[in-house]
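Protein chains in written order, with this note's numbering: chain A, 71 to 165; chain B, 660 to 789; chain C, 173 to 338.
Ideal Cβ placement from N, Cα and C applies to all residues, glycine included.
For reference, the structure discussed in these notes is given below.
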Amino acid sequence: MMPADDFLTLAVMISFAVVGVSQIMAMIRLVIGPSTGDRILALDTMVVNAIGLIVLLGIWQGTRLYFEVSLIIAMLGFVSTVAYARFVLRGDIIE
Amino acid sequence: MTMSEVGTYAAAIFLLIGAAFAVVGAIGLLKLNDPMKRLHAPTKVGTMGIGSLLLGSVVISFVRGGSSIHELLIMAFLFVTAPISANFISKVIIHLRGCDETPELDNEQTWSTLVQREEDLVAQDKTQQS
Amino acid sequence: MKRFFNWLFPHPFLTLLLAVVWILLQNEFSAGMAVFGLILGVIIPRGLAVWWPDRPVGFRLGKMAVYICIVIWDILVANVQVAWIVLSKRNKDMQSAWVVVPLDLRQPEAITVLAGTITLTPGTVTADLSNKGHYLLVHALHAPDPDAVRDDIKSRYEARLKEIFV
Chain A
71 MMPADDFLTL AVMISFAVVG VSQIMAMIRL VIGPSTGDRI LALDTMVVNA
121 IGLIVLLGIW QGTRLYFEVS LIIAMLGFVS TVAYARFVLR GDIIE
Chain B
660 MTMSEVGTYA AAIFLLIGAA FAVVGAIGLL KLNDPMKRLH APTKVGTMGI
710 GSLLLGSVVI SFVRGGSSIH ELLIMAFLFV TAPISANFIS KVIIHLRGCD
760 ETPELDNEQT WSTLVQREED LVAQDKTQQS
Chain C
173 MKRFFNWLFP HPFLTLLLAV VWILLQNEFS AGMAVFGLIL GVIIPRGLAV
223 WWPDRPVGFR LGKMAVYICI VIWDILVANV QVAWIVLSKR NKDMQSAWVV
273 VPLDLRQPEA ITVLAGTITL TPGTVTADLS NKGHYLLVHA LHAPDPDAVR
323 DDIKSRYEAR LKEIFV
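In structure tokens:
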């Protein structure tokens with residue numbers, strides 16, 4: 071059984087790699103996605119994954135500075151998803 | 660084993676679970692073959708993946724003595740907004756007819772995305788005339 | 173007295189929620205922050221009450237807490253199930269289906285909570301609402317028996333929501 075801190079470091083490194091891979095997979099869907107709905111979906115997934123990467127970065131560096139960053143990215147991601155979907159639906163964002 | 664060691668192990672396991680669910684969501688996004696089916700994948704990324712990562716972050720901050728629980732706010736925000744963005748994306752898919760035929764309804768009701776609005780008809784007329 | 177209370181606190185639980193969110197945002201609990209959060213929690217619902225005239229009057233907090241616990245448990249269980257379906261089933265074996273859920277609920281707030289619950293529990297996504305608000309269109313990822321999904325939603329979530337929003 072390895073020491074707890076080493077295990078945590080290993081877990082953070084594995085999580086970085088895995089979340090990064092899933093970010094790349096979402097990006098592939100963004101490029102090939104046949105319809106507009108798929109592209110919006112891939113963008114939404116990428117925003118959520120980016121929040122995860124930032125949280126991991128905060129754990130890695132042992133700082134709490136990144137909380138505001140991830141909160142604001144969450145809000146911007148939601149608003150941009152809704153704005154994009156609304157633009158496709160109605161041809162206009164604010165009516 | 661001391662408390663802080665248990666906490667560190669728990670946080671590491673939370674992180675691994677979160678990363679695993681994030682990659683399952685991305686696999687689903689690539690593998691499934693129908694736009695409506697693909698919509699199921701990001702709910703896993705949003706709820707279990709990121710939720711578990713944030714829980715790990717909370718546990719770690721307690722182990723290191725900082726005791727911050729405001730990561731729960733991001734979690735609550737994601738939980739509240741994920742259904743709304745999923746609903747909007749499915750409306751886009753239905754609007755562009757990218758899915759199977761939606762079931763019919765009785766007593767003169769229809770799905771709100773498929774309702775023909777007057778201003779839509781006016782806009783169609785304009786594009787046809789020009 | 174009661175009318176004054178209703179005027180000052182149009183949504184008592186919203187006031188509490190805003191105060192808690194403010195304290196969480198500050199990430200420290202002190203008396204000043206709690207008082208300031210409560211002040212914000214009084215001002216914001218009071219200022220916005222004009223634009224929310226048909227608010228639900230009765231709201232049972234205890235039953236809502238039970239409901240939230242049930243939903244979180246369902247999210248955990250269903251996530252593992254759906255992850256297994258995504259990883260193990262081939263595309264042509266998946267029987268995805270539309271499910272039409274007739275609604276007994278009429279308040280917009282209750283329907284919103286029900287739709288959000290259906291989307292958050294993986295395996296089902298709320299796709300649309302009918303134009304008069306009497307049916308929900310739900311897409312299920314792998315449902316050999318769509319009627320069972322509909323009955324499950326109605327008995328497990330909608331019946332409880334009917335007791336919460338009276």
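Counting along the chain, C/Trp270 sits inside the beta strand (DSSP E) bounded by residues Ala269 to Pro274.
With contacts defined by Cβ atoms closer than 8 Å, C/His306 and C/Pro274 form a contacting pair.
In this chain, the alpha helix (DSSP H) harbouring B/His754 covers Glu730 to His754. Going by beta carbons, B/Leu713 and B/Ile728 fall outside the 8 Å limit. Sequence-ordered contacts of the segment 72-90 of chain A with chain B read Ala74, Asp75, Phe77, Leu78, Ala81, Val82, Ile84, Ser85, Val88 and Val89 [C-beta pairs closer than 7 Å].
Taking 8 Å as the cut-off, the Cβ atoms of B/Ser716 and A/Gly128 count as close.
One finds Gln768 in chain B with Cβ atoms closer than 7 Å to the Cβ of C/Lys304, taken in chain order. For B/Ala700, the enclosing alpha helix (DSSP H) covers residues Ala700 to Lys703. With fewer than 16 other CB atoms across the displayed protein chains lying within 10 angstroms of its CB, C/Cys241 is exposed. When DSSP reads this structure, C/Asp300 sits in a beta bridge with C/Leu309. Counting C-beta atoms within 10 angstroms of its own C-beta, C/Gly295 has 16 or more neighbours from the protein chains shown and is therefore classed as buried. Listed along chain A, the residues sitting closer than 8 Å to B/His754 by beta-carbon distance are Val158 and Leu159. For B/Val704, the residues of chain A that pass the 7 Å Cβ criterion are Thr115, Val118 and Asn119, in the order they occur in the chain. Within the segment 277-294 of chain C, Thr284, Ala287, Gly288, Thr289, Ile290, Thr291, Leu292, Thr293 and Pro294 place their CB atoms closer than 9 Å to a CB of chain B, listed in sequence order.
With respect to chain B, the C-beta atom of C/Thr298 has a partner C-beta closer than 8 Å.
In terms of beta-carbon proximity, B/Leu731 lines the interface with chain C, with at least one pair separated by less than 8 Å. Contact annotation: B/Met695 and B/Ser749 have beta-carbon atoms nearer than 8 Å. Rounded to the nearest whole angstrom, the C-alpha separation of C/Trp223 and C/Phe201 is 32 Å.
Under the three-state reduction of DSSP, B/Trp770 is assigned to strand.
C/Phe231 is bridged by DSSP to C/Phe337. The three-state secondary structure of A/Ser105, taken from DSSP, is coil.
In the structure shown, C/Gln253 adopts helical secondary structure according to DSSP, grouped into three states. Listed along chain C, the residues sitting closer than 7 Å to B/Phe738 by beta-carbon distance are Leu292.
Under the 8 Å criterion on CB atoms, C/Ala331 is classed as non-interfacial with respect to chain B. Looking at C/Met266, C/Leu186 and C/Gln253, the one whose alpha-carbon comes closest to that of C/Ile216 is C/Leu186.
Segment contact: the segment 134-143 of chain A against the segment 87-98 of chain A, fewer than three CB-CB distances shorter than 8 Å; contact not assigned. A distance of 8 Å or more separates the beta carbons of A/Ser105 and B/Leu698. Using a Cβ-Cβ cut-off of 7 Å, B/Met734 is close to nothing in chain C; its nearest Cβ partner there is about 11 Å away. Listed along the chain, the chain B residues whose CB falls inside 7 Å of the CB of C/Ile242 amount to none; the nearest CB is some 15 Å away. The DSSP-derived three-state label of A/Thr133 is coil. The three-state reading of DSSP puts B/Cys758 in coil, since its state is none of H, G, I, E or B. If you ignore the 5 residues before and after A/Val158, its C-beta comes within less than 7 Å of the C-beta of Thr106, all in its own chain and listed in chain order. One alpha carbon belongs to B/Val774, the other to B/Glu760, and they sit about 15 Å apart. A contact between stretches requires three or more CB pairs, one per stretch, nearer than 8 Å, and the segment 670-683 of chain B fails this requirement with the segment 139-158 of chain A. Using a Cβ distance threshold of 8 Å, B/Gly687 and C/Val258 count as a contacting pair.
Here the C-alpha atom of B/Arg723 lies approximately 15 Å from the C-alpha atom of A/Asp76.
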